Amino acid sequence: MAANRTWGFFFMVKFLSLCLIFRLTGSQSPPAYWNAAHATFYGDMNGTETMMGACGYGDLIKQGYGLETTALSTALFNNGLTCGACFEIRCYDSVQWCLNDTIIVTATNFCPPNYSKPEGNWCNPPLQHFDLSQPMFRKIAVYRAGIVPVLYRRVPCVKSGGVKFKINGSQYWILILVYNVAGAGDVVDVKIKGSSTSWIQMSRNWGQNWQTSTNLIGQSLSFQVTTSDGKMVQSDDVAPADWKFGGVYEGKQF
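Mapping of the sequence shown onto mature numbering (1 follows the signal peptide of the UniProt record, and there is no 0): residues -27 to -1, 1 to 227, in sequence order.
Rendered as structure tokens:
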């Protein structure tokens, strides 16, 4: 009987040791479908510094993005093509600083690299980094942490209403800001059609601003918008023939 108890105790200790090893090693590598990165924050709790970012959305509150936003490092920003994409993020592998919450944010800005310092340049390539609005950072981590390891993954964007088109420019060219895009969120191609033209390929100027030099004044406007997952939504006669520069017009949604 004593021998049986000894062997039983041995196997119990072995089992608990294996569980501990699994738990410790598991914390060092991200689970499936998640990617490892780091996150910091910029701006105050009001998010003033997050407005007018590199994606061209302007007033994020007015455009419907709110403070649920992030700036991306060079490796994630993809020269602006990732603007509008949505990410689920949670703090990871830091008992001292992590909070038990996850956030979903939209990419609206760029975290520029800094090559003047040898260390602490979290937004330099090839690092994957999120510079969150302060309210979002404080949902997943303690404020005093400053920077924390995170896990992230792309998720579908959920938006209210249709895709929106803000028309800027002049009689010589038209600049269209495309925003409030659901689904993949990041627009990779835009075509425009006047009521008297065929479909015209637009080129990306910066962020999610798309341009054409074709004079379309006095014509109703239709749009084809394609996102990074290859899906396309066509919105016919979104803007009436008497559209105005500075006007915002709403189309169909993904």
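Glycine included, each C-beta is placed from N, C-alpha and C at the ideal position.
Note that the structure is a prediction, hence the values are computed from the model and not measured.
Under the three-state reduction of DSSP, which class applies to residue i: helix, strand or coil?
i	result
Ala9	strand
Ala212	strand
Thr199	strand
Residues in the same chain with beta-carbon distance under 6 angstroms from residue i, minus the five sequence neighbours each way, listed in chain order, please.
i	result
Trp7	Leu124 and Arg126
Pro129	Gly156
Arg177	Trp183
Checking the sheet assignment: what are the DSSP bridge partners for residue i?
i	result
Leu148	Asn141 and Gln184
residue 269	Any property of residue 269 remains undetermined from this structure, which presents the chain solely from -27 to 227.
Phe218	DSSP output for Phe218 lists no bridge partner at all.
Asp17	Paired residues: none, contrary to the question.
Leu124	Ala9 and Arg63
Lys164	Gln174 and Gln197
Gln207	Gln197
Sorry if obvious, but does the Cβ on residue i come closer than 8 angstroms to a heavy atom of the ligand COA?
i	result
Asp66	In terms of ligand content, the structure shown is empty, and the ligand COA therefore cannot be addressed.
Take the Cβ of residue i as the centre, count every other Cβ of all protein chains shown within 10 Å, and call the residue buried at 16 or more, exposed below.
i	result
Tyr222	buried
Pro108	buried
residue 274	The chain is shown only over -27 to 227; residue 274 falls outside these bounds and no answer can be derived.
Arg63	buried
Ala5	exposed
Trp146	exposed
Lys217	exposed
Tyr88	exposed
Asn82	buried
Ser171	exposed
Ile34	exposed
Below 7 angstroms CB to CB, which residues in the same chain sit around residue i once its five sequence neighbours on both sides are set aside?
i	result
Phe227	Val154, Ala155, Gly156, Thr200, Lys204 and Val206
Pro99	Ala48
Ala214	Ser168, Gly191, Gln192 and Ser193
Leu54	Asp159 and Val161
Once you ignore the five residues that flank residue i on each side, which residues in its own chain have a CB closer than 8 angstroms to its CB?
i	result
Gly135	Asn153, Ser208, Glu223, Gly224, Lys225 and Gln226
Ser67	Ala114, Ala118, Val121 and Pro122
Whole alpha helix (DSSP H) elements within the region 39 to 116, 4-residue minimum | Within the region 39 to 116, the complete alpha helix (DSSP H) runs of at least 4 residues are 47 to 50 and 107 to 113.
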